[in-house]
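Numbering (the numbering used here), first residue to last: 2 to 125.
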């Protein structure tokens, strides 16, 4: 098991095409840890905005009466993929991993697989 900083470093170094990664509390919208990003990707703003996405999807699922869980949410942009992975462990309630990928360098299927592996390493 690894702490937040180590887990985020693992994501940055093992997943091809990563631009930035964050661990986010979707109850508050706060990033608990970030790595990467830059002038073109403010991970604090991304954390807050993607919290709204997660909340909206959970609310919609409730209205539809869907008795299921979100595995991940993919947002496809012209030059990037944004991947939101809700943590499923009981000790991680209300948290998600956010990953921004360069679409030209990333393999989306591999990124999803590797993000699951990184999630399993995370110690909350």
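Quick reminder that beta carbons are idealized off the backbone N, C-alpha and C, glycines included.
Cα-Cα separation, residue i to residue j
{"i": "residue 125", "j": "residue 64", "result": "30 Å"}
{"i": "residue 48", "j": "residue 9", "result": "14 Å"}
{"i": "residue 122", "j": "residue 40", "result": "29 Å"}
{"i": "residue 81", "j": "residue 66", "result": "32 Å"}
{"i": "residue 13", "j": "residue 35", "result": "10 Å"}
{"i": "residue 75", "j": "residue 22", "result": "14 Å"}
{"i": "residue 111", "j": "residue 16", "result": "8 Å"}
{"i": "residue 4", "j": "residue 69", "result": "29 Å"}
{"i": "residue 73", "j": "residue 79", "result": "19 Å"}
{"i": "residue 57", "j": "residue 77", "result": "18 Å"}
Extent of the continuous alpha helix (DSSP H) run through residue i
{"i": "residue 53", "result": "44-65"}
{"i": "residue 112", "result": "109-122"}
{"i": "residue 12", "result": "5-15"}
Burial state of residue i, where buried means 16 or more other Cβ atoms lie within 10 Å
{"i": "residue 120", "result": "buried"}
{"i": "residue 106", "result": "exposed"}
{"i": "residue 52", "result": "buried"}
{"i": "residue 83", "result": "buried"}
Contact belief for residue i with residue j at Cβ below 8 Å, rounded distance in angstroms
{"i": "residue 37", "j": "residue 20", "result": "6 Å"}
{"i": "residue 44", "j": "residue 32", "result": "6 Å"}
Contact with chain D by residue i, beta-carbon distance below 8 Å
{"i": "residue 23", "result": "Judged by its chain identifiers, the structure shown contains no chain D, having just a single protein chain."}
The beta strand (DSSP E) enclosing residue i, as first and last residue numbers
{"i": "residue 35", "result": "31-37"}
{"i": "residue 78", "result": "Careful: residue 78 lies outside any beta strand (DSSP E) and carries neither H nor E."}
{"i": "residue 99", "result": "96-103"}
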